Amino acid sequence: VQLQASGGGLVQAGGSLRLSCVTSVATFSNYAMGWYRQAPGKQRELVATISSGGNTNYADSVKGRFTISRDNAKNTVYLQMSSLKPEDTAVYYCWSRRRFSSADHWGQGTQVTVSS
Numbered sequence: 220v221q222l223q224a225s226g227g228g229l230v231q232a233g234g235s236l237r238l239s240c241v242t243s244v245a246t247f248s249n250y251a252m253g254w255y256r257q258a259p260g261k262q263r264e265l266v267a268t269i270s271s272g273g274n275t276n277y278a279d280s281v282k283g284r285f286t287i288s289r290d291n292a293k294n295t296v297y298l299q300m301s302s303l304k305p306e307d308t309a310v311y312y313c314w315s316r317r318r319f320s321s322a323d324h325w326g327q328g329t330q331v332t333v334s335s
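Encoded structure:
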């Protein structure tokens, strides 16, 4: 499974960014998708996930500011990030897991930097 993330960049606090992750799988609708992030010196943490059925889950720190969505026709998952804060600065990784599988797949990461 190949995951290609894009959309990161430098933005001022209060601004917005949209991350995209496109996958190579043939049955995208069978995969849970999500985003994790890792800030310097910190462990990787969950940001948001979306199940194959469209159920979403968010870290408390991003609830109300970030929205995860998926387009099964385009094999793509999105993360709309608004009201960004300097503490959102991290490398954001796309994640996927096929239904009934325990194998996690990761993209290469995209840097998000929020300046104060």
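Residues in the sequence shown are numbered from 220 upward in steps of one, following our numbering.
Just so it is clear, CB atoms sit at the ideal spot from N, CA and C, and this is done for glycine as well.
In this text the structure is predicted, and so the values were computed from the model without any measurement.
Taking all protein chains shown into account, do 16 or more other C-beta atoms lie within 10 angstroms of the C-beta of residue 256, making it buried, or fewer, making it exposed? buried
- Task: Enumerate in chain order the residues of its own chain whose CB-to-CB distance from residue 271 is below 8 Å, with the five nearest sequence positions on each side excluded.
- Result: 248, 249, 250, 251 and 318
*Thinking C-beta only, is residue 241 closer than 8 Å to residue 275?*
no
- Could you name the residues of the same chain whose beta carbon sits closer than 7 Å to that of residue 308, not counting the 5 residues immediately before and after it, in chain order? 258, 331, 332 and 333
DSSP three-state assignment for residue 247, whether helix, strand or coil: helix
| query | Can you tell me whether residue 246 is buried or exposed, with buried defined as 16 or more other CB within 10 angstroms of its CB? | reply | exposed
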